[in-house]
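Residue numbers for the sequence shown follow the UniProt record's numbering, beginning at 1 and rising by one.
We put the CB at the ideal spot given by N, CA and C, even for glycine.
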Amino acid sequence: MPIAPWLCEETIRLHSSSLNAHHDPVLFWVSQAPSPPPSIASHGKLKRSYSKHIATGMYSRDPSPPKRRCLEGAENASFATEDVEMTPQAKSNVAVGPPSPSCFTSSGSITHSSQSLQSRSPRKKQPLRKMANLSLLPNPVVMKSIDDATATPPNELEEIVVQLRRIGRGLGVISRSEKDAMASMSSDRSFRQIYTDELAFVDDIDRASLGPCPHPREVAKAVSLATECESNEHSEASWNGRVHTYLLDLALYNDVFKGKVGFLDCSKARIEPDSLLPKDYTGLSIESKMVDFAVYLDPDDTTHDALRQLAARDPFTTASWNHTCYPPLQKRPLAMSIETKLTGRDWDTAKIQMSIWVTAQLNKLEQLVAQDGGGLPGLPFLPVIVTQGHEWYFLAATRSKRETVLWEKVLLGSTQNALGVYQIIAALQVLGQWCEEVYRPWFRAHVIGVA
Numbered sequence: 001m002p003i004a005p006w007l008c009e010e011t012i013r014l015h016s017s018s019l020n021a022h023h024d025p026v027l028f029w030v031s032q033a034p035s036p037p038p039s040i041a042s043h044g045k046l047k048r049s050y051s052k053h054i055a056t057g058m059y060s061r062d063p064s065p066p067k068r069r070c071l072e073g074a075e076n077a078s079f080a081t082e083d084v085e086m087t088p089q090a091k092s093n094v095a096v097g098p099p100s101p102s103c104f105t106s107s108g109s110i111t112h113s114s115q116s117l118q119s120r121s122p123r124k125k126q127p128l129r130k131m132a133n134l135s136l137l138p139n140p141v142v143m144k145s146i147d148d149a150t151a152t153p154p155n156e157l158e159e160i161v162v163q164l165r166r167i168g169r170g171l172g173v174i175s176r177s178e179k180d181a182m183a184s185m186s187s188d189r190s191f192r193q194i195y196t197d198e199l200a201f202v203d204d205i206d207r208a209s210l211g212p213c214p215h216p217r218e219v220a221k222a223v224s225l226a227t228e229c230e231s232n233e234h235s236e237a238s239w240n241g242r243v244h245t246y247l248l249d250l251a252l253y254n255d256v257f258k259g260k261v262g263f264l265d266c267s268k269a270r271i272e273p274d275s276l277l278p279k280d281y282t283g284l285s286i287e288s289k290m291v292d293f294a295v296y297l298d299p300d301d302t303t304h305d306a307l308r309q310l311a312a313r314d315p316f317t318t319a320s321w322n323h324t325c326y327p328p329l330q331k332r333p334l335a336m337s338i339e340t341k342l343t344g345r346d347w348d349t350a351k352i353q354m355s356i357w358v359t360a361q362l363n364k365l366e367q368l369v370a371q372d373g374g375g376l377p378g379l380p381f382l383p384v385i386v387t388q389g390h391e392w393y394f395l396a397a398t399r400s401k402r403e404t405v406l407w408e409k410v411l412l413g414s415t416q417n418a419l420g421v422y423q424i425i426a427a428l429q430v431l432g433q434w435c436e437e438v439y440r441p442w443f444r445a446h447v448i449g450v451a
């Protein structure tokens with residue numbers, strides 16, 4: 001065949017084949033697919049080679065970024081890369097708030113202050129895990145035993161310790177009128193044991209001077225709740241909600257203390273401002289701690305007015321009577337703090353928590369009485385309670401010059417038995433009376449400035 005007619009027929013055939021492939025999607029896809037590499041004809045590692053070829057083809061459009069990416073503007077080549085697989089670290093140039101903002105400061109002013117301090121680098125707080133380290137601070141916090149013959153606790157502290165130790169031995173903690181009600185609970189062994197112990201009972205008028213004596217059924221409930229928490233390994237929060245709150249209710253939530261002394265859960269109350277925290281020799285604040293319960297003074301009109309005057313006098317003063325801006329405690333002077341732990345656990349941890357907390361409280365009080373010549377004249381001690389499961393212990397904090405002393409400890413009672421519950425209730429009422437009759441007059445005279 002002549003060459004010209006053959007070329008014409010071949011051109012028509014190829015064009016027709018292309019049209020058919022476009023009409024049939026499968027044929028078109030096959031016609032466009034790349035031919036496999038020659039290695040596909042064999043097996044084994046040649047198959048792996050083909051897989052690698054496919055993977056390369058799939059990702060060749062968007063090359064993978066390197067694990068280490070360049071940091072723009074880096075001045076030093078040794079710091080010009082960042083390993084994205086490392087654990088993220090906090091930025092050193094974040095904005096920080098003003099050092100001592102008022103609890104009443106508006107959000108706008110806080111924002112403005114934060115912007116003005118963006119160039120500052122925040123300093124981490126120093127964690128502290130050993131009580132002995134507190135004694136090495138510039139303003140040390142030391143532990144002393146109340147029973148140490150060489151120690152010299154304040155006379156007022158010794159007096160209340162004598163009273164609390166009598167209660168801790170179960171002397172005169174139950175109204176005599178409760179004896180008949182106790183007889184109806186003779187099936188309970190712990191009540192049978194109390195019934196024959198005449199030293200546990202006292203005349204109603206003498207017991208009423210502390211506060212109301214709980215009914216035997218209320219005491220039995222407290223023992224039952226504590227037994228449940230101990231036997232079934234409840235959490236600290238469960239102990240607080242079921243047992244400790246119930247005991248504080250029995251002791252302080254009544255007509256004797258109404259409008260005078262109250263208590264609340266303060267486990268969310270943070271020490272504010274940080275300047276109240278103890279500091280090491282570099283000026284670094286010790287890591288803040290919190291406690292579980294606060295016993296406070298119910299404020300009267302004079303106390304409210306004085307706090308408003310404090311806020312008006314200096315807007316950047318932390319407008320709170322306490323070392324925290326936690327709203328329920330802001331207007332109520334804190335008189336006694338309580339830290340709770342599980343049975344047999346974390347006594348040293350509790351002492352550290354309470355030491356830091358009460359040191360910040362004493363620092364705050366010194367600020368408030370600064371116009372009265374400084375120091376804490378006339379304040380004998382601050383009462384403290386630490387619980388370990390069933391057991392309740394009394395401690396006290398004192399301030400001498402720049403040294404804070406935490407005095408330990410007096411066993412108040414135990415929720416393992418009925419007599420122990422009566423002891424705890426009576427001890428809490430004695431301490432509640434101290435808050436009202438000793439701490440309130442001191443606070444009014446030296447902090448508020450009224451007789």
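An exposed status is given to Ala-151, since fewer than 16 other beta-carbon atoms sit within 10 Å of its beta-carbon.
Judged by beta-carbon spacing, Ala-335 lies beyond the 8 Å limit of Tyr-195, meaning their Cβ atoms are not closer than that value. Collapsing the DSSP output to three states places Phe-293 in a strand. As the crow flies, the alpha-carbon of Ser-355 is around 28 Å from that of Gly-449. Rounded to the nearest whole angstrom, the C-alpha separation of Ser-224 and Phe-394 is 23 Å.
When the five nearest sequence neighbours on each side are left out, the beta carbons in the same chain lying within less than 6 Å of the beta carbon of Gln-416 are those of His-390, in order along the chain. DSSP places Phe-443 within a helical segment (H, G or I) once states are collapsed to three. Thr-398 is classed as buried because its beta carbon has at least 16 other beta carbons within 10 Å across all chains shown. Judged by beta-carbon spacing, Val-141 lies within the 8 Å limit of Pro-278, meaning their Cβ atoms are closer than that value.
The residues Val-447, in chain order, have a CB closer than 7 Å to that of Leu-368 in the same chain once the five nearest residues on each side in sequence are set aside. With respect to the C-alpha of Pro-380, the residue from Asn-232, Leu-329, Gly-283, Leu-157 having the closest C-alpha is Leu-157.
For Phe-191, the secondary structure class from DSSP, reduced to helix, strand or coil, is helix. Contact check between the stretch 316-326 and the stretch 348-364: three or more CB pairs, one atom from each, fall below 8 Å, which counts as touching. Residue Asp-203 holds the alpha-carbon nearest to the alpha-carbon of Ile-174 among Asp-188, Asp-203, Leu-412, Arg-192.
With the rule of 3 Cβ pairs closer than 8 Å, the stretch 240-252 does not count as touching the stretch 296-306. Note on Lys-409: 16 or more other CB atoms within 10 angstroms of its CB, so buried under the neighbour-count rule. In the pairwise beta carbon analysis, the stretch 339-354 is classified as not touching the stretch 299-314: fewer than three pairs are separated by under 8 Å. Sequence-distant partners of Phe-201 (beyond 5 residues in either direction) whose C-beta falls short of 6 Å from its own C-beta, in its chain, are Ile-174, Arg-176.
For Ile-385, the enclosing beta strand (DSSP E) starts and ends at 382-388. Between the alpha carbons of Ile-352 and Lys-179 lies a gap of roughly 42 Å. Between the alpha carbons of Phe-191 and Pro-212 lies a gap of roughly 19 Å.
Around the Cβ of Ala-312, a 10 Å sphere holds fewer than 16 other Cβ atoms; the residue is exposed. Sequence-distant partners of Val-430 (beyond 5 residues in either direction) whose C-beta falls short of 8 Å from its own C-beta, in its chain, are Ile-160, Gln-163, Leu-164, Ile-167, Leu-210. For Leu-307, the number of other beta carbons within 10 angstroms of its own is at least 16, and it is reported as buried. Counting only residues of its own chain and dropping the five nearest sequence neighbours on each side, Pro-328 has a CB closer than 6 Å to the CB of Leu-264. At least 8 Å separates the beta-carbon of Ala-396 from that of Ala-220. For Gly-262, the three-state secondary structure derived from DSSP is strand. Taken atom to atom, the span from the alpha-carbon of Arg-345 to that of Asn-240 is near 15 Å.
Nearest in C-alpha terms to Gly-172, of all of Trp-442, Pro-441, Ala-426, Trp-434, is Ala-426.
By the Cβ-count criterion, His-234 is buried, with 16 or more other Cβ atoms from all chains shown falling within 10 Å of its own Cβ. Leu-406 carries a strand assignment under DSSP once its states are collapsed to helix, strand and coil. At least 8 Å separates the beta-carbon of Trp-434 from that of Gly-413.
Inter-residue distance for Glu-218 and Asn-254 is about 14 Å (C-alpha atoms, whole angstroms). Each residue's CA atom was taken as its position, placing Tyr-281 and Gln-193 some 56 Å apart.
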